[in-house]
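Asks: Numbering (my numbering), first residue to last: 2 to 805.
Just so it is clear, CB atoms sit at the ideal spot from N, CA and C, and this is done for glycine as well.
Got a structure for you, questions after.
And the structure:
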């Protein structure tokens, strides 16, 4: 029988799709690997292994070794465990074997003297709790030293970010000096030898990362943007260095030496700035998982041997009896065996209304117990719980996203080798067939081809348009995390929306009062109900009280008051018995109800006085004012809209009808929302997901474009690609329109970026000299590059004035 297991491995050192391909090949060479996908943007590899023969741990170790052999790293975390009951070297060996047997552990070192174990592990595969359990099973006692647990992954990110930031600032300061000294004669600084000495550190220290990445691509017979940067800046730098140290050679051709030190330095500075922004965005993505993990309860109160004990959440096992009190987070998935309460399940379902829970009802770990205390039996813990599943789904969805290949990278994969080939052919032809001095002429034309092909404008084509586009979006309350999201958004064909908090206000409102028997007026019914509910913390009760307060109704105090958990309120006032609560609660009290109550799309609260039903209050979440207009505008853009919600069908259909959405999927859990997104993608449609809650996070990560409302949960915001600060759905259409305009501008920029190169390369190769014309003067090459850059920047700035 096959023992297949899917694991997620975070990887360091990847800078482009070529790097991801290299890592993918290294992983797939193993016979036990059934499937693997590597995404350099999320810096993760998702791998399915068949560990029947060698075991999961051995498989993971082999994969990690292969990744490191390719020159990349694996992000790990470290922890120190306090180990008790060790007495000799054999004990140390036993503990180390136990820890190393845990899948995901990279290394373990146990010290008998200090009774400490230092463990390095992959946090996406295992955790401290599993490691401690392995130590316990081996016959020893392990306890994590919480104060010295350190996240190596975050430390590596921060170290890389600080290094890149230092390189950027150094490069920027030197580039400013070099550019100024190149344009204006400044004593000492404008000296060619000084310019060479200033630019060299930028080229070979700050720019060394580009050379390394270009060499990695070359190993796989490929070319990317790093290749363009390396070739372009090297051509400018080395030609300039040649002009500084061998000016006579250029003079013999009747040309004045021209220096391009400022060109190479500025290109490197701009690219470093882009890399810094990219690294910052990746850091935010990883924070989403950490925040979600932080929402899990840290401890649980369990009954063992008839004694209540508070233990770490990782020590809870299936079948434990857990006690949960009001205001506590439910630690694990399970079933109530004693007691009742109302539970806020918005972390799982996204719905704002608490759900009444009694004996036999299922509970989800990470949800919030609001009122009553109860006992529950633990059924699913850790990674098997619903919240743990959400965390895993987000990780896999983020890692499984296909990397977006930049149009510039695609062109570069052909353009760079062709340019180099043309330059080499130019050198060979002039060297073997040209007039004397053939070597000098061949060298000059070779350098001229590389200079005219220097990707100055190409390096500006995308970032300038993206900077203007994202700036324009920010002015409208649209935060776009990176160019990938901006690029994908223009292809959106389907927009899937959550209901609660996205299409609707996200909180309960009193929307109607239906009077029943007797002569009680609506105002009197509302006054009685609000007076009975005014001490309740339940959101539905608050909705009734807020409506009464809004209408200026004076409330009274009940003579007696009893709150029934999961039901409603009993009380008396001036000799009359008052009951208010759910239809089930009143029915249990022997009060006859109307049939329409149970079939309503809204939540209903019933008021009875002296066993006589007096009024039915309709509570519902109301649609936002702009939701209908937003759906209409999306349809005008040719985009299909659908609703994905955890709410019941009746409530979902009512809101969808009001908003103008024809396709509705109701009663969904987070994994079911994600599966629907996947099914849309399988139909080759580009889909965006719009949501605001934790339950939307997996779907937001899986969608081609995740759009979160800034008024929603942090987890949704961190998992999304685009954030709408104001929570206005009209901004969804604005974001798509902005993306379409930006991509069109990028394509125009790329045209201008290559136009001068395409025209100039034949001239640089010496075509004009065959007909008696002059060779290409480097000044003309410089002007062509400068003019193409000006064209690109000017075209990007036009985005500011365009209407969405």
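When you compare each of 94, 80, 773, 508 to residue 123 by their alpha carbons, which one comes out closest?
Replies: Counting from 1 along the chain shown, the entry for residue 123 is found at position 122. Measuring from the Cα of residue 123, the nearest candidate turns out to be 80.
Asks: Can you list, in chain order, the stretches of the beta strand (DSSP E) that have 3 or more residues and sit fully within the stretch 736 to 781?
Replies: List check, beta strand (DSSP E) in window: nothing returned.
Asks: I need the straight-line Cα distance from residue 12 to residue 305, nearest angstrom please.
Replies: To locate residue 12, count along the chain shown from 1; it is residue 11. To locate residue 305, count along the chain shown from 1; it is residue 304. Distance between the alpha carbons of residue 12 and residue 305: 42 Å.
Asks: Can you list the beta strand (DSSP E) stretches of 3 or more residues lying completely in the stretch 637 to 698, in chain order?
Replies: Taking only runs of at least 3 residues, the beta strand (DSSP E) segments lying wholly in the stretch 637 to 698 are 641 to 645, 664 to 666, 688 to 692.
Asks: Is residue 180 helix, strand or coil by DSSP?
Replies: Position 179 of the chain shown, counting from 1, holds the residue named residue 180. Reduced to three states, the DSSP call for residue 180 is helix.
Asks: Below 8 Å, can you find three or more Cβ-Cβ pairs linking the stretch 616 to 635 to the stretch 492 to 509?
Replies: The stretch 616 to 635, when compared against the stretch 492 to 509, does touch it at the 8 Å Cβ threshold.
Asks: Quick one: what's residue 145 bridged to in DSSP?
Replies: Residue 145 sits at position 144 when you count from the first residue of the chain shown. Beta-bridge pairing links residue 145 to 82.
Asks: Expressed to the nearest angstrom, what Euclidean distance is found between the alpha-carbon atoms of residue 637 and residue 737?
Replies: To locate residue 637, count along the chain shown from 1; it is residue 636. To locate residue 737, count along the chain shown from 1; it is residue 736. Approximately 12 Å between the Cα atoms of the pair.
Asks: For residue 139, name the three-state secondary structure that DSSP assigns.
Replies: By one-based count along the chain shown, residue 139 stands at place 138. In the structure shown, residue 139 sits in coil (DSSP, three-state: anything other than H, G, I, E or B).
Asks: Give me, in chain order, the residues of the same chain whose beta-carbon lies closer than 6 Å to that of residue 532; leave out the 5 immediate sequence neighbours on both sides.
Replies: As a first step, residue 532 is located in the chain shown; it is residue number 531 there, counting from the start. So the qualifying residues of the chain are 556, 557.
Asks: From the DSSP output, read off the bridge partner residues of residue 424.
Replies: Numbered from 1 along the chain shown, position 423 holds the residue referred to as residue 424. BP columns for residue 424 are empty, so no partner.
Asks: By a C-beta neighbour count over all protein chains shown, 10 Å radius and 16 as the cutoff for buried, is residue 363 buried or exposed?
Replies: Sequence index remark: in the chain shown, residue 363 carries index 362 (1-based). It counts as exposed.
Asks: Compute the beta-carbon to beta-carbon distance between residue 643 and residue 656, rounded to the nearest angstrom, for a pair I have assumed lies under 8 Å.
Replies: One-based indexing of the chain shown puts residue 643 at position 642. One-based indexing of the chain shown puts residue 656 at position 655. Incorrect: roughly 13 Å between the Cβ atoms, too far for contact.
Asks: Hey, residue 335 and residue 380: beta-carbon distance below 8 Å or not?
Replies: Locating residue 335 in the chain shown gives position 334, counting from the first residue. Locating residue 380 in the chain shown gives position 379, counting from the first residue. Yes, Cβ-Cβ distance for residue 335 and residue 380 is below 8 Å.
Asks: Measuring straight from C-alpha to C-alpha, what distance separates residue 330 and residue 199?
Replies: Sequence index remark: in the chain shown, residue 330 carries index 329 (1-based). Sequence index remark: in the chain shown, residue 199 carries index 198 (1-based). Roughly 59 Å between the two C-alpha positions.
Asks: One question on the structure: do residue 758 and residue 453 come within less than 8 Å of each other, judged by their Cβ atoms?
Replies: Start at 1 with the first residue of the chain shown, and residue 758 comes out as number 757. Start at 1 with the first residue of the chain shown, and residue 453 comes out as number 452. Yes. Within cutoff.
Asks: Can you grab the Cα-Cα spacing for the pair residue 568 / residue 674, in whole Å?
Replies: Within the chain shown, numbered from 1, the residue matching residue 568 stands at position 567. Within the chain shown, numbered from 1, the residue matching residue 674 stands at position 673. Between residue 568 and residue 674, the C-alpha separation is close to 31 Å.
Asks: Does residue 708 come within less than 8 Å of chain B when only Cβ atoms are used?
Replies: The question asks about chain B, but that chain is absent: this structure has only one protein chain.
Asks: Please state whether the Cβ-Cβ distance between residue 244 and residue 219 is less than 8 Å.
Replies: Stepping through the chain shown from its first residue, residue 244 is reached at position 243. Stepping through the chain shown from its first residue, residue 219 is reached at position 218. No, the pair does not count as a contact, with Cβ atoms beyond the cut-off.
Asks: Output the boundary residues of the alpha helix (DSSP H) element that contains residue 550.
Replies: In the chain shown, counting from the first residue as 1, residue 550 sits at position 549. Here the alpha helix (DSSP H) through residue 550 covers 540 to 551.
Asks: Could you tell me which of 376, 748, 371 sits nearest to residue 321, measuring between CA atoms?
Replies: Stepping through the chain shown from its first residue, residue 321 is reached at position 320. The residue with the shortest Cα to Cα distance from residue 321 is 376.
Asks: Using 8 Å as the Cβ pair cut-off and three pairs as the minimum, do the stretch 573 to 584 and the stretch 605 to 614 touch?
Replies: The answer is yes - the stretch 605 to 614 touches the stretch 573 to 584, with three or more Cβ pairs under 8 Å.
Asks: Tell me whether the beta-carbon of residue 315 lies closer than 8 Å to the beta-carbon of residue 143.
Replies: One-based indexing of the chain shown puts residue 315 at position 314. One-based indexing of the chain shown puts residue 143 at position 142. Not a contact, by the Cβ cut-off of 8 Å.
Asks: Does residue 77 come out as helix, strand or coil in the three-state DSSP assignment?
Replies: For the purposes of this step, residue 77 is taken as residue 76 along the chain shown, with counting starting at 1. Three-state DSSP puts residue 77 in coil, outside helix and strand.
Asks: Have a look at 127, 33, 679 and flag the residue whose alpha-carbon is nearest the alpha-carbon of residue 384.
Replies: Counted from its first residue, the chain shown places residue 384 at position 383. Ranking the options by Cα distance to residue 384, first place goes to 127.
Asks: Give the single residue among 694, 100, 138, 270 whose Cα lies nearest to the Cα of residue 165.
Replies: Taking the first residue of the chain shown as 1, we reach residue 165 at position 164. When only C-alpha atoms are compared, the closest one is 270.
Asks: Between residue 183 and residue 273, how many whole angstroms is the CB-CB distance? I'm expecting something under 8 Å.
Replies: On the chain shown, residue 183 is found 182 positions in, with the first residue counted as 1. On the chain shown, residue 273 is found 272 positions in, with the first residue counted as 1. That belief does not hold up - the Cβ atoms of residue 183 and residue 273 are roughly 20 Å apart, past 8 Å.
Asks: So, with DSSP's three-state summary, where would you put residue 526?
Replies: Locating residue 526 in the chain shown gives position 525, where the first residue counts as 1. Looking at residue 526 - three-state DSSP - the assignment turns out to be helix.
Asks: For residue 67, collect the residues of the same chain with a Cβ closer than 6 Å to its Cβ; drop the 5 residues on either side in sequence, then sort them by chain order.
Replies: On the chain shown, residue 67 is found 66 positions in, with the first residue counted as 1. 27.
Asks: Have a look at residue 528 and residue 565 and give me their C-alpha separation to the nearest angstrom.
Replies: One-based indexing of the chain shown puts residue 528 at position 527. One-based indexing of the chain shown puts residue 565 at position 564. If I take the Cα positions, the gap works out to 20 Å.
Asks: Which residue from 139, 311, 77, 368 puts its Cα closest to that of residue 327?
Replies: Against the chain shown, residue 327 aligns to sequence position 326. Comparing Cα-Cα distances from residue 327 to each of 139, 311, 77, 368, the minimum goes to 368.
Asks: In whole angstroms, what separates the C-alpha of residue 478 from that of residue 722?
Replies: The count along the chain shown starts at 1 and reaches residue 478 at position 477. The count along the chain shown starts at 1 and reaches residue 722 at position 721. Distance between the alpha carbons of residue 478 and residue 722: 14 Å.
Asks: For residue 109, which residues does DSSP report across the bridge?
Replies: Within the chain shown, residue 109 is the residue found at index 108, counting from 1. Answer by DSSP bridge pairing, in chain order: 120.
Asks: Taking just the CA atoms, how far does residue 430 sit from residue 691?
Replies: Indexing the chain shown from 1 puts residue 691 at position 690. Indexing the chain shown from 1 puts residue 430 at position 429. Roughly 59 Å between the two C-alpha positions.
Asks: Excluding five sequence neighbours on each side, which residues of the same chain lie with their C-beta closer than 7 Å to the C-beta of residue 703?
Replies: Within the chain shown, numbered from 1, the residue matching residue 703 stands at position 702. Excluding positions up to five away in sequence, the list reads 398, 675, 678, 679.
Asks: Using 8 Å as the threshold, is the C-beta distance between residue 48 and residue 8 below it?
Replies: As a first step, residue 48 is located in the chain shown; it is residue number 47 there, counting from the start. As a first step, residue 8 is located in the chain shown; it is residue number 7 there, counting from the start. In this structure, residue 8 lies closer than 8 Å to residue 48 by Cβ.
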